[in-house]
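Peer 1:
Protein chains in written order, with the working numbering: chain A, 1464 to 1554; chain B, 103 to 187.
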């Protein structure tokens, strides 16, 4: 039951990250909202799925670690590329 | 429709704003952020269906999909960055 609660929390965080990616005004705000919502939502959803089904395996732990570590790396790579290409925002 | 169908429907609805950002992002970087979101949610749909419907093979597919999606996004970001990067 707590697994389903974690899954619901992860879905809420994922939808908040999606809304942030769609509604924020400039690029870096969108990247921040999407990065935070996606990383937290993914980790919560997969952790809830693992505790609900009890299927804690090497593959599932590897999937959780992969999704947890590659999200911030991808976000950082996009932000660094945009910054190097002089994508500026008026303060 | 079992629990995996409900989760797939909810994650698909969640994947709609990143898909719209991928569709009409003003710049390349917005499109890349949208692509990251869609990749993550598709991999989560695969993992949920694998664990809840008892199809263990899809777990490996989800793992490979997440790794290849991350690789593609980082590749396009490094290519768009240009220069010595």
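Ideal Cβ placement from N, Cα and C applies to all residues, glycine included.
(1) Does any residue of chain A bring its CB to less than 8 Å from the CB of residue 160 of chain B?
(2) When the cut-off is 8 Å and only beta carbons count, does residue 163 of chain B lie next to chain A?
(3) Which residue comes first and which comes last in the alpha helix (DSSP H) that contains residue 166 of chain B?
(4) So is residue 168 of chain B buried or exposed if we call it buried at 16+ other beta carbons inside 10 Å?
(5) Using CA atoms only, rank isn't needed, just tell me which of B:120, B:130 and B:137 is closest to residue 174 of chain B.
(6) If you follow the alpha helix (DSSP H) that residue 1542 of chain A is part of, which residue opens it and which one closes it?
(7) For residue 1524 of chain A, return the contacting residues in chain B, with the cut-off set at a CB-CB distance below 7 Å.
(8) At the level of alpha carbons, what is the spacing between residue 1550 of chain A and residue 171 of chain B?
(9) If I follow the unbroken alpha helix (DSSP H) through residue 151 of chain B, where does it start and stop?
(10) Applying the criterion that 16 or more other CB atoms from any shown protein chain within 10 Å of the CB defines a buried residue, is residue 158 of chain B buried or exposed?
(11) Establish whether the CB of residue 1508 of chain A and some CB of chain B are separated by less than 8 Å.
(12) What is the DSSP secondary structure of residue 1487 of chain A, counted as helix, strand or coil?
(13) Rounding to the nearest angstrom, what Cα-Cα distance links residue 1512 of chain A and residue 1473 of chain A in this structure?
(14) Can you list, in chain order, the residues of its chain whose CB lies under 7 Å from that of residue 134 of chain B, leaving out five sequence neighbours each side?
(15) So for residue 117 of chain B, helix, strand or coil by DSSP?
Peer 2: If we stick to the structure as given:
(1) By this cut-off, residue 160 of chain B is not an interface position.
(2) Not an interface residue.
(3) Residue 166 of chain B: member of the alpha helix (DSSP H) spanning 159-183, first to last residue.
(4) Taking a 10 Å sphere around the C-beta of residue 168 of chain B, we find 16 or more other C-beta atoms and assign the residue as buried.
(5) The residue with the shortest Cα to Cα distance from residue 174 of chain B is B:137.
(6) Looking at the DSSP string, the run of the alpha helix (DSSP H) that includes residue 1542 of chain A is 1521-1547.
(7) Per Cβ cutoff of 7 Å: no residues; residue 1524 of chain A is ~11 Å from chain B at best.
(8) Each residue's alpha carbon lies about 24 Å from the other.
(9) Unbroken alpha helix (DSSP H) run through residue 151 of chain B: 130-154.
(10) Using a 10 angstroms sphere on the CB of residue 158 of chain B, the tally of other CB atoms stays under 16, which defines it as exposed.
(11) At least one chain B Cβ lies under 8 Å of residue 1508 of chain A.
(12) Coil, per DSSP.
(13) As the crow flies, the alpha-carbon of residue 1512 of chain A is around 10 Å from that of residue 1473 of chain A.
(14) Result list for residue 134 of chain B: 175, 178 and 179, in chain order.
(15) Of the three classes helix, strand and coil, the one that applies to residue 117 of chain B here is coil, per DSSP.
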